[in-house]
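*Asks:* Residue numbers (this note's numbering), protein chains in the order written: chain A, 56 to 150; chain B, 67 to 550.
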Amino acid sequence: MSVDHKTIQKIAHLARIRVSAEEREELASELSNIFDWIEELDKVDTNDVDPMTSVVQASATLRKDNPNDGGYPKKITANAPEAVEHFFTVPKVVE
Amino acid sequence: MGEILKGTKDEWEVVIGLEVHAQVLAGSKLFSGATAEFGAEPNSQVSFVDAAMPGMLPVLNEESVRQAVRTGLAVNAIINLRSVFARKNYFYPDLPQGYQISQYELPIVGEGAVEIDLPDGGGKTIGIERLHLEQDAGKSLHDLHPTKSYIDLNRSGVTLMEIVSKPDMSSADEAVAYIAKLRSILRYIGACDGNMQNGSMRADVNVSVRNPGDKLGTRCEIKNVNSLRFVRQAINFEARRQIEILENGDIIDQETRLYDPDRDETRLMRSKEDAHDYRYFPDPDLLPLDLEQSYVDELKADLPELPDIRKKRFVADYGLSVYDASVLVAERDTGDYFDSVAKNRDPKQVANWITGELFGHLKKNDLTLKEAPVSAKKLGELIDLITNNTISGRTAKEVFEKMWRTGSDANEIVESEGLKQITDAGAIEIIVDKIIAENPKNADEVRGGNSKAIGWFVGQVMQATAGKANPKAVNELLRNKLKD
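1) Does the contact criterion of 3 or more C-beta pairs under 8 Å hold for the segment 407–416 of chain B versus the segment 426–437 of chain B?
2) Assuming the contact rule is C-beta atoms closer than 8 Å, B:R274 and B:R285 should be a hit. Round their C-beta distance to whole Å, please.
3) Quick check on the burial criterion: 16 or more other C-beta atoms within 10 angstroms. Buried or exposed for B:D390?
4) In this structure, how does DSSP classify B:Y384 when only helix, strand and coil are distinguished?
5) Using a Cβ-Cβ distance cut-off of 8 Å, determine whether A:V149 contacts chain B.
6) When you compare only the Cα positions, how much space is there between B:Q526 and B:I501?
7) Please classify B:I182: is it buried, with 16 or more other beta-carbons within 10 angstroms of its beta-carbon, or exposed?
8) Counting C-beta neighbours from all protein chains within 10 Å, is the total for A:N134 16 or more, i.e. buried, or is it exposed?
9) Between the alpha carbons of A:L86 and A:E94, how many angstroms are there, rounded?
10) Going along the chain, which residues of its own chain have a beta-carbon closer than 8 Å to the beta-carbon of B:L369, five neighbours each way excluded?
11) Please list the terminal residues of the continuous alpha helix (DSSP H) segment that includes B:S274.
12) Could you give the DSSP three-state label for B:K338: helix, strand or coil?
13) Counting C-beta neighbours from all protein chains within 10 Å, is the total for B:D499 16 or more, i.e. buried, or is it exposed?
14) Let me know the secondary structure DSSP gives B:N546 once reduced to three states.
15) Taking Cβ positions, are B:I301 and B:I82 nearer each other than 8 Å?
16) Just to make sure I have the definition right: I need the residues of chain B whose C-beta is within less than 9 Å of the C-beta of A:K61. Which are they?
17) For B:S266 versus B:Q487, is the C-beta distance shorter than 8 Å?
18) Can you give me, in chain order, the residues of the segment 108–121 of chain A that have a beta carbon less than 8 Å from any beta carbon in chain B?
19) Hey, would you say B:L197 sits closer than 8 Å to B:M227, going by beta carbons?
20) I'd like to confirm the pairing. Which residues does DSSP put opposite B:V512 in its beta bridges?
21) How would you write the range of the beta strand (DSSP E) that B:L207 sits in, first residue to last?
22) With a threshold of 6 Å on Cβ separation, who are the neighbours of B:I449 within its own chain once the five nearest residues in sequence on each side are excluded?
23) Can you tell me whether B:F157 is buried or exposed, with buried defined as 16 or more other CB within 10 angstroms of its CB?
24) Could you pull out every unbroken beta strand (DSSP E) segment of at least 3 residues lying fully inside the segment 108–157 of chain B, listed in chain order?
25) For B:F151 versus B:L357, is the C-beta spacing smaller than 8 Å?
26) Which residue's Cα is closest to the Cα of A:V149: B:S215, B:Q263, B:L544 and B:L372?
27) Measuring only the C-alpha atoms, how far is B:R333 from B:F303?
28) Does DSSP put A:D91 in a helix, in a strand, or in coil?
29) Express the C-alpha separation of B:I520 and B:R545 in angstroms, rounding to a whole number.
30) Tell me the rounded alpha-carbon separation between B:I144 and B:D76.
31) Leaving aside the five residues before and after B:L548 along the sequence, list all residues of the same chain whose C-beta is less than 8 Å from its C-beta, in chain order.
32) Whose Cβ in chain A lies nearer than 8 Å to the Cβ of B:S113?
33) Does B:G193 come out as helix, strand or coil in the three-state DSSP assignment?
34) Does the beta carbon of B:R345 come closer than 8 Å to any beta carbon on chain A?
35) In this structure, what does DSSP give as the bridge partners for B:D326?
36) Any beta-carbon of chain A closer than 8 Å to the one on B:K154?
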C-alpha cells in the first residue's frame, strides 16, 4: 500500500505536527514500506477472532469513589508557559 | 405522526434526535480521585491525571459504572456486560490529553426506551440508541482578557453519561417532554441532579426536516443547549431555517451549529475541516470493563419505584386523573409526600392541597419541598380537621398560611385562635333567627323567589360567627326558614 503526500499532510495536520516538503517525501516512502510489511497480516483469517485491545487478558479494576486527590492548583499550573491566578492562559479561542 | 409545518410551497415534518449529557453524581471523577463539585476555585479540583501529566494512568471509578448501569436499567435498556473505553482524538485547549476517553463500539448500555407525556395528555415511546460513559472537558473563559482565553480544568475528567436517543421525536414539544422525563428518571434514581443551569445536564439537538413520509433529510447538530426553553426555541428556529433553504431549491449542509438565545437563532460554529475525524481506538491505558449479571440484577432489584410505574399506581390505587398523577410523580419528593398524606385520606382532596396551596407557597417563597415548613404529617392533620368538620375549607386555608409562617401544628392554631367551626345546629339557629328577624325586607325577597338573596344571609351569618359557622349547616337552616 502506498501512502501519498496528501495523506501524509492530513495525518500531520490531525496530529498538529509540522512536516516540511522533503520530510513529506521521506515519510511517504517510509510509511509505505511499513504498511506493506503490515499487510502481510492480511493473509491470516481473523473472521472469528475478537480484536485484541490489550496483551493482558484481564478486566478493568475499579476504584472506590473516594475523593482523595486534587487541591494543588499551583502544582498543576507550575509548568504552564503562562498562568494567571491558577488559570492556564492560551491565545484566545472563541467559537 | 408529529406536527406538520407549512412552508411557503410545501408541507414539512421535523425529525429530532437528542444526545443528552448528564453529569453523574459522584464524589470523585471518572478516572481520578479529584472532587467534582460545581463552582470551586480554578484548577483546585484537578489531579495530575486530569491535567494529563506524562505517565499518569486512569483508574475507573466504580460509582460511575454503578450509576451508568442503574440509568440503563431505568430506561429499560440492555446492559452490555463487556464494554470498552476508547480515545476520541481532537485538539482543544480545554482538553489536556489531546483526546477524550469515551466509549465507541462497545458502550456500557445498549438500546432502551422512554415513555414521554405530551401536553395534550397523550404519550409516545422514544427509543434510546445507547448510553456511554465519557470524561467531561475543562472550561474556557473568554471574557477575562482581551487576547487570551483562560482555562480551568476543574470539570476535566468529571463523569458524563451521554444518552443518545433515536430520531423518534417530531416536534419541540416531544423533545422537551423527552428531556423532562429523562431528567425526572435521573433524579429519581439519584444518578444526576438534572441541574441544566449549572450544566450538569445539557443536550445536543439533531434536527432535520423532510416532506411527510420521505426518507430522513440531512441533519444539523445544535451543540450544548442548556435549558428546556432554549431546546424548544432552537428546534423551532432550525426547522424554519432548513425549510427555507430547501424551498429555495438549495441543499442542507451537515454542520454543527450553536444556538444564540439573545438573537434567537442558530449559527454555524467555526468549523474545522477535520473536526469529525476523531480516529477512535481502544484506550491502551484501560482494560475492558466486565460486569457480572448478578451485579446488574442486584442493581435492578435496588432501583426505586420509577415515575411511570408510580403514575400508574396513583391512577389505579388512588383514582387520580392522569394529569394530577403526572404532576405529583414528576419529582420523587413530591410523590413520597403525596403517598404519605394520602394514606387513609381522600386522595383527590390531598392532591388539590398539594398542587394548590403547597405548590403555590413553595413557588412564592422559592423553596423546595424538603425545605417546606409544613410537613406531610402536618398537612395530613390539617386535612383531617376539615374532614371531621372541625374547621371549614376556607378556614383551613388561613390555618395553612399560619402553619407556613409559624411552623405550628394545625390543631395548635385552631385551638389557640378559637377557629373551631360551630356545628351545633342550635347555636347557629339562634343567630339565623336573629338575622332574619332584623332584616324582614331581605327575607321577603328570598321568600318571593329571589334565590340569589339567600347568599346575602349566608354572608351575614358567617360575619356574625367570624366565619366559624359550618357553611353547609347555615345553608340548610336558611333554606328551611325562608321557604315560602
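The C-beta atom is built at its ideal place from N, Cα and C for all residues, glycine as well. None of these values were measured; they are calculated from a predicted model.
*Replies:* A quick look at the data gives this:
1) In short, these stretches do not touch, since the Cβ pair count stays below three.
2) Position 208 of the second sequence, counting from 1, holds the residue named residue 274 of chain B. Position 219 of the second sequence, counting from 1, holds the residue named residue 285 of chain B. Residue identity check: residue 274 of chain B is Ser in the sequence provided, not Arg. That belief holds up - the Cβ atoms of B:S274 and B:R285 are roughly 4 Å apart, short of 8 Å.
3) Counting from 1 along the second sequence, the entry for residue 390 of chain B is found at position 324. Residue environment: B:D390 is assigned as buried (16 or more neighbouring CB atoms within 10 Å of its CB, all protein chains considered).
4) For the purposes of this step, residue 384 of chain B is identified with residue 318 of the second sequence, where counting begins at 1. Helix, per DSSP.
5) Here residue 149 of chain A refers to the residue found at position 94 of the first sequence. For A:V149, the answer is yes, since a Cβ of chain B falls inside 8 Å of its Cβ.
6) Here residue 526 of chain B refers to the residue found at position 460 of the second sequence. Here residue 501 of chain B refers to the residue found at position 435 of the second sequence. Whole-angstrom Cα-Cα distance: 8 Å.
7) For the purposes of this step, residue 182 of chain B is identified with residue 116 of the second sequence, where counting begins at 1. It counts as buried.
8) By one-based count along the first sequence, residue 134 of chain A stands at place 79. Under this definition A:N134 is an exposed residue.
9) Your numbering for residue 86 of chain A matches position 31 in the first sequence. Your numbering for residue 94 of chain A matches position 39 in the first sequence. Near 12 Å, if we compare the C-alpha coordinates of A:E94 and A:L86.
10) One-based indexing of the second sequence puts residue 369 of chain B at position 303. Here B:L369 has R136, L139, A140 and I255 as same chain residues with Cβ atoms under 8 Å from its own Cβ, once five neighbours each way along the sequence are excluded.
11) Translated into the one-based positions of the second sequence, residue 274 of chain B becomes position 208. Run containing B:S274: none in the alpha helix (DSSP H); it sits in the beta strand (DSSP E), M267 to R276.
12) Within the second sequence, numbered from 1, the residue matching residue 338 of chain B stands at position 272. Residue placement at B:K338 cannot be trusted, given a pLDDT of 49 that sits under 50; what the coordinates show is reported in the next sentence. In the displayed model, B:K338 falls within coil according to three-state DSSP, outside both helix and strand.
13) In the second sequence, residue 499 of chain B corresponds to position 433, counting from 1. Flag for B:D499 reads exposed.
14) Translated into positions along the second sequence, residue 546 of chain B becomes position 480. Correct three-state label for B:N546: helix.
15) Walking along the second sequence from the start, residue 301 of chain B turns up at place 235. Walking along the second sequence from the start, residue 82 of chain B turns up at place 16. Between B:I301 and B:I82, the C-beta spacing is below 8 Å.
16) By 1-based counting over the first sequence, the position of residue 61 of chain A is 6. Neighbours of A:K61 on chain B: none; closest Cβ ~13 Å, over 9 Å.
17) Working through the second sequence from its first residue, we reach residue 266 of chain B at position 200. Working through the second sequence from its first residue, we reach residue 487 of chain B at position 421. Their beta carbons are not under 8 Å apart, which means B:S266 does not touch B:Q487 by this criterion.
18) Within the segment 108–121 of chain A, the qualifying residues are T108, S109, V111, A113, S114, A115, T116, L117, R118, K119, D120 and N121.
19) For this step, residue 197 of chain B is matched to residue 131 along the second sequence. For this step, residue 227 of chain B is matched to residue 161 along the second sequence. Yes, the pair counts as a contact, with Cβ atoms nearer than the cut-off.
20) In the second sequence, the residue the question calls residue 512 of chain B occupies position 446. Partner(s): none; B:V512 has no beta bridge.
21) What you label residue 207 of chain B is simply residue 141 of the second sequence in a count that begins at 1. Judged by DSSP secondary structure, B:L207 falls within the beta strand (DSSP E) whose first and last residues are K205 to L207.
22) For this step, residue 449 of chain B is matched to residue 383 along the second sequence. Sequence-distant Cβ neighbours of B:I449 in its own chain, meaning closer than 6 Å and more than five residues away, are R411.
23) Reading the second sequence from its first residue, position 91 is the one you call residue 157 of chain B. By the Cβ neighbour-count rule, B:F157 is exposed, with fewer than 16 other Cβ atoms within 10 Å of its own.
24) Complete beta strand (DSSP E) runs here, min 3: 151–155.
25) What you label residue 151 of chain B is simply residue 85 of the second sequence in a count that begins at 1. What you label residue 357 of chain B is simply residue 291 of the second sequence in a count that begins at 1. No, they are not a contact pair.
26) Here residue 149 of chain A refers to the residue found at position 94 when the first sequence is read from its first residue. Closest by alpha carbon: B:S215.
27) Reading the second sequence from its first residue, position 267 is the one you call residue 333 of chain B. Reading the second sequence from its first residue, position 237 is the one you call residue 303 of chain B. Looking at the two C-alpha atoms, the distance is approximately 10 Å.
28) Position 36 of the first sequence, counting from 1, holds the residue named residue 91 of chain A. Judged by DSSP in its simplified three-state form, A:D91 adopts helix.
29) One-based indexing of the second sequence puts residue 545 of chain B at position 479. One-based indexing of the second sequence puts residue 520 of chain B at position 454. Cα to Cα, B:R545 sits roughly 8 Å from B:I520.
30) Locating residue 144 of chain B in the second sequence gives position 78, counting from the first residue. Locating residue 76 of chain B in the second sequence gives position 10, counting from the first residue. If I take the Cα positions, the gap works out to 40 Å.
31) Position 482 of the second sequence, counted from the start, is the residue given in the question as residue 548 of chain B. Cβ neighbours of B:L548 beyond the five flanking positions: I502, A509, V512, R513, I520 and F523.
32) Translated into positions along the second sequence, residue 113 of chain B becomes position 47. Chain A residues near B:S113: D124 and G125.
33) By one-based count along the second sequence, residue 193 of chain B stands at place 127. In the three-state scheme derived from DSSP, where H, G and I count as helix and E and B as strand, B:G193 is classed as strand.
34) The count along the second sequence starts at 1 and reaches residue 345 of chain B at position 279. Yes - at least one Cβ of chain A is within 8 Å of the one on B:R345.
35) By one-based count along the second sequence, residue 326 of chain B stands at place 260. BP columns for B:D326 point to B:E331.
36) Counting from one through the second sequence, the residue named residue 154 of chain B turns up at place 88. With a threshold of 8 Å between beta carbons, B:K154 makes no contact with chain A.
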